[in-house]
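Worksheet: one structure, shown below.
Numbering (mature numbering (1 follows the signal peptide of the UniProt record, and there is no 0)), first residue to last: -26 to -1, 1 to 241.
Have a look at this one:
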């Protein structure tokens, strides 16, 4: 009687091992209203006070009731967001990985993770590499998004890596929108340009409804970031509408940063 159960037990174990050996089924992609990459400049041109203000602005944005309401007001009521920092062409780091935000608890936790990460700084400024890295993050997000947006903040022009126009145009060809937060708190120095907002407008941002929110005063910094996140989540644009362009020639020199860096080392 006991022995007669062995064949059935062996057969059952064989079936179990066969099931365990099968590859795991891929999880279906989550549907979201927006996949947003927040790409934050941490180059040495950003002093620690500016970095702290920048962190505070993003943390406060995701804690704010208007942003919570805007997410809930979307077609699906959820967005996916990741927060990354960048400097030169080899330096991009994800600080908070892709996170689905669909309630107050998830938003508060996301804000806390931004605020809790130690500040760091790194060399050079490669907006083009930040865009390329952000595009890769969007491709690997694991979500099915109605909109894909890269939110680039920085205080200087591209001075390393490939041309920013090349990276931008490849991202736009994939249907990605790029918005900008040009930070203009200091008098332009030897590696800065005086009209960074125009540089961002002509060389960095693009896509249907894209826009910039320039920051010129420290007391505007936090509110500007909160406003920008709210506009992106709610799929709104400022009064000065930025629409998809027939690529007309830029009104500013999109190689200004590269030329400054070259001139610095040739003198």
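Quick reminder that beta carbons are idealized off the backbone N, C-alpha and C, glycines included.
Inset, instruction - May I have a chain-ordered list of the beta strand (DSSP E) segments no shorter than 3 residues that lie completely inside the region 128 to 210? - result: 151 to 156
Legend entry - Reduced DSSP secondary structure (H/G/I, E/B, other) of residue -1: With a pLDDT of 36 at residue -1, under the threshold of 50, the modelled position of that residue is not reliable, and the figure given next carries that caveat. In this structure, residue -1 counts as coil in the three-state DSSP scheme.
Inset, instruction - Provide the residue(s) that pair with residue 54 in DSSP beta bridges, ordered along the chain. - result: 9, 74
Legend entry - Local conformation of residue 122 per DSSP, three classes: strand
Legend entry - Per DSSP, cross-strand counterpart(s) of residue 59: 14, 67
Legend entry - Reference residue 175; option with closest CA among 191, 76, 8, 228: 228
Inset, instruction - Alpha carbon to alpha carbon, how far is residue 4 from residue 179? Give it in angstroms, no decimals. - result: 27 Å
Inset, instruction - Return the first residue and the last residue of the alpha helix (DSSP H) that residue 33 is part of. - result: 22 to 37
Legend entry - Proximity of residue 124 and residue 75 at Cβ, strictly below 8 Å: no
Inset, instruction - Indicate whether residue 134 and residue 104 have their beta-carbon atoms separated by less than 8 Å. - result: no
Inset, instruction - Might you give, ordered along the chain, the residues of its own chain that have their beta carbon closer than 6 Å to the beta carbon of residue 91, omitting 5 neighbours on each side? - result: 69
Inset, instruction - Mark residue 114 as exposed unless 16 or more other C-beta atoms lie within 10 angstroms of its C-beta, in which case mark it buried. - result: exposed
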